[in-house]
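Just below is one structure, and these are the notes that go with it.
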Amino acid sequence: LAAGFEMLESAPSVGLTTQQLQTFLRSYLTMLCGISLLTSSSDGIMKSKLNNARRKAIHHSVENGSKWTMAHFLKTTGASKDDTHSFEAFASWYTAGGFNVAPWLELLDLKKLLALVGDA
1 LAAGFEMLES APSVGLTTQQ LQTFLRSYLT MLCGISLLTS SSDGIMKSKL NNARRKAIHH
61 SVENGSKWTM AHFLKTTGAS KDDTHSFEAF ASWYTAGGFN VAPWLELLDL KKLLALVGDA
């Protein structure tokens, strides 16, 4: 989680703007949706199960999910849309209850994600 956060920072330890943090959330939610929708075919190539209408609906859901999560983060922390947000502030929010708002962030721990894949 920290590595992805740092990749979006313009300089080390400066934090993310609200727009960058929302991009961070949207990116991970997109990745989780994308890998959950793959299916293997007889030729061993992973293929998407999406038609155009379903793709648009999922895009809309991911966008709304990232905005909703961001709104909860801002409201709970009292931060402004104009503030920059440190990884520490985001991690504190998550630990203090953000996990109820965005439980899918748990799957960014590769051990947990791979455990789910192994169960499939």
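Letter by letter, the sequence shown follows residues 1 to 120 in my numbering. Quick reminder that beta carbons are idealized off the backbone N, C-alpha and C, glycines included.
Practice task
State the DSSP-derived secondary structure class of Leu16, mapped to helix, strand or coil.
Solution key: strand
Exercise for the section: Could you spell out the range, first to last residue, of the alpha helix (DSSP H) harbouring Thr159? Expected result: What is shown of the chain runs 1 to 120, which leaves residue 159 out entirely.
Exercise for the section: For Thr84, write down the residues that DSSP places opposite it in a beta bridge. Expected result: Thr17
Handout entry: Expected contact under 8 Å - CB spacing of Thr17 and Met70 to nearest Å
Key = Their Cβ separation, rounded to whole angstroms, is 11 Å, which puts Thr17 and Met70 out of contact at 8 Å.
Handout entry: Under 8 Å between C-beta atoms of Leu29 and Ser86
Key = no
Exercise for the section: Would you check if there are 3 or more beta carbon pairs closer than 8 Å linking the stretch 72–83 to the stretch 1–10? Expected result: no
Practice task
Put Ser10 into one of helix, strand or coil per three-state DSSP.
Solution key: Three-state DSSP puts Ser10 in coil, outside helix and strand.
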